[in-house]
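Participant: All residue numbers for the sequence shown refer to my numbering, where the first residue is 17 and numbers rise by one.
Each residue gets a CB set at the ideal place from its N, CA and C atoms; glycine is no exception.
Below: one structure in structure tokens.
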Amino acid sequence: MIGADFVALVVVRDGELPLGADEVAAEAGGAVLVVGTNAKVAADQLTAARTVWVAESGTVTPGALAGALAPALREVHAVVLVAAADGRDLAPRLAYALGRPLLSGANAVGPRGADVLRWGSQGLQELTPDGPFVATLQPGVRGAAAEPGAPRIVEIELTSVDAPDARSLEVTTPKAREADLAEARRVLGAGAGLVSDQAQMDLLVEVGERLGAAAGATRVVTDAGFAGHERQIGTTGVVIDPDLYIAFGVSGAAQHVGGLGAPKHVISVNTDPCCPMTAMADLGIVADAPAVLAELARRLEDSDG
Numbered sequence: 017m018i019g020a021d022f023v024a025l026v027v028v029r030d031g032e033l034p035l036g037a038d039e040v041a042a043e044a045g046g047a048v049l050v051v052g053t054n055a056k057v058a059a060d061q062l063t064a065a066r067t068v069w070v071a072e073s074g075t076v077t078p079g080a081l082a083g084a085l086a087p088a089l090r091e092v093h094a095v096v097l098v099a100a101a102d103g104r105d106l107a108p109r110l111a112y113a114l115g116r117p118l119l120s121g122a123n124a125v126g127p128r129g130a131d132v133l134r135w136g137s138q139g140l141q142e143l144t145p146d147g148p149f150v151a152t153l154q155p156g157v158r159g160a161a162a163e164p165g166a167p168r169i170v171e172i173e174l175t176s177v178d179a180p181d182a183r184s185l186e187v188t189t190p191k192a193r194e195a196d197l198a199e200a201r202r203v204l205g206a207g208a209g210l211v212s213d214q215a216q217m218d219l220l221v222e223v224g225e226r227l228g229a230a231a232g233a234t235r236v237v238t239d240a241g242f243a244g245h246e247r248q249i250g251t252t253g254v255v256i257d258p259d260l261y262i263a264f265g266v267s268g269a270a271q272h273v274g275g276l277g278a279p280k281h282v283i284s285v286n287t288d289p290c291c292p293m294t295a296m297a298d299l300g301i302v303a304d305a306p307a308v309l310a311e312l313a314r315r316l317e318d319s320d321g
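Right, here's the structure in full:
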């Protein structure tokens with residue numbers, strides 16, 4: 017049914033592509049299977065695809081979806097999904113349904129294996145299974161070049177499969193304090209120049225919630241205990257790839273910048289006009305980061321009033 021040896025599998029909800037969809041498409045050489053609700057709408061938004069197989073599905077529950085996809089993907093040697101919420105849920109179930117290994121959280125995936133960070137992100141291990149496999153690719157790591165022209169669209173049908181699954185009762189938007197940094201479209205970053213106490217980090221989170229942005233931090237901030245290590249942005253933390261990144265008091269150390277992916281817009285707030293973060297920013301605000309954050313919070317509060 018799927019005429020390719022290496023395929024990217026993208027799960028969509030209501031026609032919206034997950035972060036990293038074009039990256040897995042590029043990794044698989046432009047061969048993509050898009051499945052979910054309003055899959056055709058999502059397929060039209062891909063820029064790194066050459067051939068797109070589209071399968072509409074009334075459900076994106078991972079157990080049922082894995083059972084329905086397994087027959088269509090049985091002859092595909094390598095399947096790569098985005099290591100985002102739906103991809104992480106589906107990948108292990110799909111690997112089990114196909115009877116093949118799962119290479120999770122890879123930094124690069126090829127038709128015969130994947131490169132995966134190990135040992136606390138201190139080393140890169142090349143994994144080459146003896147046969148077919150399923151992998152997940154970290155979003156924001158590889159990037160994707162646009163393909164010339166529109167992709168070829170092939171609509172296919174999946175056979176529904178009943179399987180035990182968790183039921184989604186409600187989907188809510190996470191607060192900035194809890195939002196997954198890797199999937200966030202907007203991110204506020206706290207550096208040593210912002211955080212001298214917990215109150216400043218709390219204010220950043222509050223401003224983030226008003227702006228619909230997730231709150232992250234540099235390693236200095238997380239090591240000081242002002243934010244959890246799951247909020248650390250960098251090569252040894254979370255790799256992000258947002259539309260907007262606002263860095264408050266972030267100098268721009270290589271470890272931190274290496275975890276930024278390719279954000280569309282960067283704003284740096286720092287007293288040092290020559291620091292690496294300001295040098296790479298689209299807009300550099302040369303000012304005291306805590307003062308700017310406090311003024312932004314005040315103006316947002318006034319606008320709400």
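What does DSSP give as the partner residues of Trp69 in its beta bridges?
Facilitator: Start at 1 with the first residue of the sequence shown, and residue 69 comes out as number 53. Answer by DSSP bridge pairing, in chain order: Leu49 and Val170.
Participant: Under the three-state reduction of DSSP, which class applies to Glu199: helix, strand or coil?
Facilitator: Sequence index remark: in the sequence shown, residue 199 carries index 183 (1-based). Glu199 falls in the helix class under three-state DSSP.
Participant: Restricting to Cα atoms, I'd like to know which of Gly115, Val282 and Leu25 is closest to Val125.
Facilitator: The residue labelled residue 125 in the question sits at position 109 within the sequence shown. It is Leu25.
Participant: Going along the chain, which unbroken runs of the beta strand (DSSP E) with 3 or more residues stay wholly within the region 222-270?
Facilitator: Segments of the beta strand (DSSP E) lying fully in the region 222-270: 230-233 and 260-264.
Participant: Take Val177 and list the residues in its own chain whose beta-carbon comes closer than 6 Å to its own, dropping the five residues that flank it on each side.
Facilitator: Working through the sequence shown from its first residue, we reach residue 177 at position 161. Excluding positions up to five away in sequence, the list reads Ala80, Gly83 and Ala84.
Participant: Between which two residues does the beta strand (DSSP E) containing Leu322 stretch?
Facilitator: This structure gives no information on residue 322, because the portion of the chain shown stretches from 17 to 321.
Participant: Using CA atoms only, rank isn't needed, just tell me which of Thr234, His93 and Gly228 is closest to Lys259.
Facilitator: Here residue 259 refers to the residue found at position 243 when the sequence shown is read from its first residue. Residue 259 is actually Asp in this sequence, not Lys. Asp259 has its Cα closest to that of Gly228, out of Thr234, His93 and Gly228.
Participant: Residues bridged to Ala300 by DSSP?
Facilitator: Along the sequence shown, read from residue 1 onward, the residue named residue 300 stands at position 284. A quick correction: the sequence has Gly, not Ala, at residue 300. According to DSSP, Gly300 bridges with Ser284.
Participant: Could you check which residue in Gln214, Glu225, His272 and Tyr261 has the C-alpha nearest to that of Gln248?
Facilitator: The sequence position of residue 248 within the sequence shown is 232, counting from 1. The residue with the shortest Cα to Cα distance from Gln248 is His272.
Participant: Quick check on DSSP: helix, strand or coil for Ser319?
Facilitator: Taking the sequence shown and counting its residues from 1, one reaches residue 319 at position 303. Of the three classes helix, strand and coil, the one that applies to Ser319 here is helix, per DSSP.
Participant: Across which residues does DSSP place Leu140 in a beta bridge pair?
Facilitator: By one-based count along the sequence shown, residue 140 stands at place 124. DSSP, once it has assigned bridges, lists Leu133 as partnering Leu140.
Participant: Closest by CA to Thr207, which one among Val237, Ala278, Lys191 and Gln216?
Facilitator: Position 191 of the sequence shown, counted from the first residue, corresponds to residue 207. Going by the sequence as given, residue 207 is Gly instead of Thr. It is Val237 whose Cα lies nearest to the Cα of Gly207.
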